[in-house]
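Chains as they are written, first to last, in our numbering: chain F, 1007 to 1833; chain R, 58 to 263.
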C-alpha cells in the first residue's frame, strides 16, 4: 500500500511537472521547438531574447514584474526535461519487485511512452524528440567517459584481443550479414516494393550493429557473472559503438557516392578509411590521456576544480576526434581507459571521489534521459511506417547473426585461450546483444534525400530497440540463472589473499622465465617494467609513484577492519549496545566499512593515499570487501550504498580509531581547503598501528597466558613498554611507546548494560549529521574509551586502537556511565 | 637420468633455448645443482623478488609427488618436469572433484613454498620471510612494514580460521587446512597456469 501511495505521489508530481511546459510550449508561438533546436541552436534563443528586449523598450511605465518566458525558454525546457526524466527513474526505482522483472531501461522507455503521449495529446505533434546532435554531443560522451574511466584496466587489457576481435570483426560481421541477408530477402520479394538498394541495406545493417550494454550490464551486475564474460560484453559494447559509427560513416559515404561509381578502388579506400578513422580516434584518445595525466601532476594547486579537468579534457578529446572526422567514441574511450591509472595516482583522494561521483551523476543522468526519450520519440505518427516483413526479418537476422557471429569468433579465440570461453558464456554473450540508443541516434541521423525509406528504417530501429531492450532484457536474468553461468568469485580482500596472489604471479612468471616462454605474463611483466620506468616517471607525481602496493592497501583495510571487529566484539558483550545483535552487526559492518574506506574516512585513508591510488585500477569501492564483483563498472553502483549505515560505521570508527591525533577539521573556504593531514603525522599513525599489531602479536605468542601479566601492568598504571619486547631503534615518536601496554582492561565481563537502540550520534544530530558530528564526537572522548576499554575482552588485534590506551591511563571507569552513554552525548 | 628424458631434453632444448640452464643440463651431468648456479644464469629471473623461494621449490622433495620430505641437492629432468607440471593448465573437461584436486595441488605447492621447515605449518617467521622478500623490490617499504604486514596476515588467518581468540590463546601457524580456507575465494585453478608449448610430449619421448 505504501508503495502504491508513493508511486501515485510521484506520478502526480510527474504530471504536474510535465504539464507546465507543455502548456508553455504551446504558449510560446513556435510549435516546432524540439529539444534539439532548443539546446543546439543558441542563435535561435538569442534572437528570441533580442526581440523580447526590443519589445520592452516601448513601455510607458515602469513595470514591476515582467513575464519573460522567452528569456529562459531554452534552458528552462532543458532543465525541466532533465528533471522529468530523473523523476521517471525515481518512479522506476520505487518498487524493486518491478525492476527485478523488467529491466530499468525497459521501464524508462515505457514511461517515455506515457510522457510522449502527454506531449502528443497537448500539441498534436511530437515537439520533443531525441535529435542525433544532442545525443552524440551532449548525452553520449559522459556515458562513454564514465564507462571507460571506471573500466577495470587489468581485465580490459588482459582480454583486449578478444574484445577487439568481437568489437571490430564482430561488428563488421553483424553489419554485413544483416544488410546482405535483408537485401536478399528483399530481392526475394519478402517485403513488397521498397525503394532500397543493396548499399542502403548495408547502411541499415551497420547502424543496427551497435550493441548497447546498459541493460545487459545491469543484469550482469545483479547476477555477478564472472569477470571474463563481464569484461567481454562490456568492453565489446563500448568499443563497438565506436566501430559502428565508423562503419556507418563509411557506408553512408558509399550511399552518397551512389552504386555505379563504386569500384574496387573506392572499396579499398573505404577499408583504409575505416582503419584510419578507428585507429586515429584511438590515437587521439591516447594523446589526450597523456596530456591529462601530465596536467594532473600539477592540478593539485587548484584541487577544488581538479576533477573538472578530467571531464573537460575527456570531452575535448571527443570533440577533437570528431573535428578531425576520426572516431570520437573510440577517442574518449581510450582517453578514459589510459589515463585512469595516472590521474587516480596524481589526484587527491577527494578529487578522485569527486570525479567518480560526478561522472556517475552525468552518465546515469544522461542514460536515463536517453531511454526516456527513446520512448517519447516513438509517439509520433509521422515516423511510423509499417512493413511487417522488413521488421520481422530484421529482428530475426540481428539475433541469429549476432549469435552465430559470437560463436564463430569465440571458437577462433578458444583455439588459443588458456581458459576457453564456455558455451553458456558464449550464448549469453550472443543473447546479450541488445540494441540501444546509438542505433536510434544513427537512424535518426539518416539523410532523407539519400535514403527515401528513412522512416521505415527509423521505425524498424525503434522496434528493434524496444524488442531487444524489453524482451531480451526481461529474459536475460532468468536465462543467466537457468544456464547457470559461472558467477564471479567474490573478490579476495584478505591480506593473505593479496599476498598469495602476488606470490602466484611471481611464481608463474618465474616458471615462464625458467622454461623460456614468452607468455602473457612475460608481456605483462615487461609492460609493467616499461610503465614503471618511463610512463610513471613522465605521468605521475613524484610522491604518487613512490609507493604503490596492493598488499599495503589490503593491510590497511585490515587495520580498519580491526577497529570494526573491535567494536563488534564489544558490542556482542553489550558494552556498545547500539547495534542490535551480533550477527546482523557483523554483516552490516562489513558492508558499511567499504564505503567508509572509500568515501567517509579520508583521514584514515589519507595515509594510505600514496599506496593505494595506483595499485589497482578497479574503483576503490570494489577493492574493498563488497558483494559486487571486482570488476565493478556499474553505473548504478553508487545507488546501492546506504548512507545511513555508512555514517553509522563511520562514526564508530571515527571515534575509536586514531582519535588522538585529529584536532582541527578544515573550515569552509571557497577555493581550497587547508587539509590538516600532515603526511608525516599520518605516516606515523600508520606505522604506530603496525607496530602495535606486531607487538601484540608477539605478546600473544610469547606468553602462554598473558592474562597473568595484566595485574602487573595495572599496578604500573602507566604506559610503559610491554613485557619483553625491546624497543625498536627506529621508533622515533612518543606514541609508539604505548604500543605494547598489555591489555589492562581484560576483566571478565560481569555487568552487562542494556543495549542501546540508536548510536549516540544519530540521536543527537538527526538529519544534519553529514558534516558535523565527528567534531562533536571529539568532545566525547573521555567516556567512550573507558567504556570500551573496560568491557573489551582484549584481542590481539585491537591494539590498533591505541587511543584507548591514552585515555585509560588516568581514569578508573565508573560503571554507571556505561549504562547511559546516550545521556553523555547530550553535551 | 634415463635415455628417454635425455632424448626428450635434446629435442626440447631447441624450444628451451632461451633458458641457459637447460643447455647446461643437457651438456653436463644432466643434473641441476643445488646452489642454484644453473638457475642463477637465467636472466629474466633476476627481477623476481621471490626468486630464491621459487628455485627452492625445485629442490623440495615434497613437490616431487613421492611422499617424501626434505630437500635434495640436485634434480634431474624428471623432477624438473614434475615440478613444472604443477603449472599445467587443466584440461577443459574435468569434473568438479578433479578441479578441486588440482586446486589443492597448486595450493599445496604454494604452501610448501612458504613452509620452509616442512613441519606442516607456516609460522610467523616463515610468513614474514616471504612477505619481506615479496616487498623487497618495492624499495620504499621497509622491513618494518613487511613485518607489520606479515603479522597482520597471521592475525587475519587466526581470526578467520579459529575465530575470535581468547586472550590466552596462541596461534601457532597456518596449517594447510587454514591455508585452503583462507584462500577460498581465490581463483587459482584457472590462473596458476602456463601454457606450455603445444606439443605431444609422449610422441617426443618415444
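Every residue gets a Cβ at the ideal spot worked out from N, C-alpha and C, and that includes glycine.
Separation of residue j from residue i, as counted between CA atoms
{"i": "residue 1459 of chain F", "j": "residue 1202 of chain F", "result": "7 Å"}
{"i": "residue 140 of chain R", "j": "residue 1350 of chain F", "result": "40 Å"}
{"i": "residue 1442 of chain F", "j": "residue 1214 of chain F", "result": "9 Å"}
{"i": "residue 1324 of chain F", "j": "residue 1448 of chain F", "result": "17 Å"}
{"i": "residue 1259 of chain F", "j": "residue 1171 of chain F", "result": "25 Å"}
{"i": "residue 1546 of chain F", "j": "residue 1251 of chain F", "result": "34 Å"}
{"i": "residue 1080 of chain F", "j": "residue 1074 of chain F", "result": "12 Å"}
{"i": "residue 1343 of chain F", "j": "residue 1149 of chain F", "result": "13 Å"}
{"i": "residue 1356 of chain F", "j": "residue 1312 of chain F", "result": "10 Å"}
{"i": "residue 1200 of chain F", "j": "residue 1300 of chain F", "result": "55 Å"}
{"i": "residue 1287 of chain F", "j": "residue 1373 of chain F", "result": "23 Å"}
{"i": "residue 1438 of chain F", "j": "residue 1415 of chain F", "result": "15 Å"}
{"i": "residue 1191 of chain F", "j": "residue 1164 of chain F", "result": "41 Å"}
{"i": "residue 1305 of chain F", "j": "residue 1352 of chain F", "result": "9 Å"}
{"i": "residue 1471 of chain F", "j": "residue 1218 of chain F", "result": "9 Å"}
{"i": "residue 1129 of chain F", "j": "residue 1101 of chain F", "result": "32 Å"}
{"i": "residue 1445 of chain F", "j": "residue 1216 of chain F", "result": "6 Å"}
8 Å contact criterion, which residue i and residue j should meet: CB distance rounded
{"i": "residue 1480 of chain F", "j": "residue 1109 of chain F", "result": "7 Å"}
{"i": "residue 136 of chain R", "j": "residue 121 of chain R", "result": "5 Å"}
{"i": "residue 1105 of chain F", "j": "residue 1093 of chain F", "result": "Not a contact, Cβ separation roughly 16 Å."}
{"i": "residue 1187 of chain F", "j": "residue 1208 of chain F", "result": "Wrong, their Cβ atoms sit about 11 Å apart, outside the cutoff."}
{"i": "residue 1341 of chain F", "j": "residue 1320 of chain F", "result": "5 Å"}
{"i": "residue 1318 of chain F", "j": "residue 1249 of chain F", "result": "Between residue 1249 of chain F and residue 1318 of chain F the Cβ distance is about 26 Å, and since that is not below 8 Å, they are no contact."}
{"i": "residue 1378 of chain F", "j": "residue 1091 of chain F", "result": "4 Å"}
{"i": "residue 1115 of chain F", "j": "residue 1381 of chain F", "result": "4 Å"}
{"i": "residue 1241 of chain F", "j": "residue 1338 of chain F", "result": "15 Å between Cβ atoms; not a contact."}
{"i": "residue 1412 of chain F", "j": "residue 1451 of chain F", "result": "Rounded, the Cβ-Cβ distance is 27 Å, inconsistent with contact."}
First through last residue of the alpha helix (DSSP H) which encompasses residue i
{"i": "residue 1392 of chain F", "result": "Careful: residue 1392 of chain F lies outside any alpha helix (DSSP H) and carries neither H nor E."}
{"i": "residue 1363 of chain F", "result": "1355-1384"}
{"i": "residue 1430 of chain F", "result": "1429-1437"}
{"i": "residue 951 of chain F", "result": "The question about residue 951 of chain F has no answer, for chain F in this structure spans 1007 to 1833."}
{"i": "residue 1348 of chain F", "result": "1334-1352"}
{"i": "residue 1104 of chain F", "result": "1102-1107"}
{"i": "residue 1249 of chain F", "result": "1233-1263"}
{"i": "residue 1189 of chain F", "result": "1177-1193"}
{"i": "residue 109 of chain R", "result": "108-115"}
{"i": "residue 161 of chain R", "result": "153-171"}
{"i": "residue 1440 of chain F", "result": "That residue, residue 1440 of chain F, is in no alpha helix (DSSP H); it is neither H nor E in DSSP."}
{"i": "residue 1155 of chain F", "result": "1146-1155"}
{"i": "residue 233 of chain R", "result": "233-239"}
{"i": "residue 1472 of chain F", "result": "1460-1472"}
{"i": "residue 1284 of chain F", "result": "1270-1302"}
Exposure of residue i, with buried meaning 16 or more beta-carbon neighbours within 10 Å
{"i": "residue 1534 of chain F", "result": "exposed"}
{"i": "residue 1206 of chain F", "result": "buried"}
{"i": "residue 1538 of chain F", "result": "exposed"}
{"i": "residue 1432 of chain F", "result": "buried"}
{"i": "residue 1290 of chain F", "result": "buried"}
{"i": "residue 1154 of chain F", "result": "buried"}
{"i": "residue 1194 of chain F", "result": "exposed"}
{"i": "residue 1069 of chain F", "result": "exposed"}
{"i": "residue 159 of chain R", "result": "buried"}
{"i": "residue 1087 of chain F", "result": "buried"}
{"i": "residue 1329 of chain F", "result": "exposed"}
{"i": "residue 1254 of chain F", "result": "buried"}
{"i": "residue 1142 of chain F", "result": "buried"}
Listed by chain order, chain B residues near residue i by CB distance under 8 Å
{"i": "residue 187 of chain R", "result": "Given the protein chain composition of this structure (F and R), no chain B is represented."}
Relative to chain R, which residues along the segment 1389-1403 of chain F have a C-beta separation below 7 Å, given in chain order?
none
Interfacial residues, the segment 102-122 of chain R to chain F, with Cβ spacing under 7 Å:
102, 105, 106, 107, 108 and 111
Output needed in chain order: residues of the segment 1151-1166 of chain F with a Cβ under 7 Å from some Cβ in chain R.
none
What residues in the segment 1178-1200 of chain F have a beta carbon less than 8 Å from any beta carbon of chain R?
none
Using a beta-carbon distance cut-off of less than 7 Å, what residues from the segment 1223-1249 of chain F approach chain R?
none
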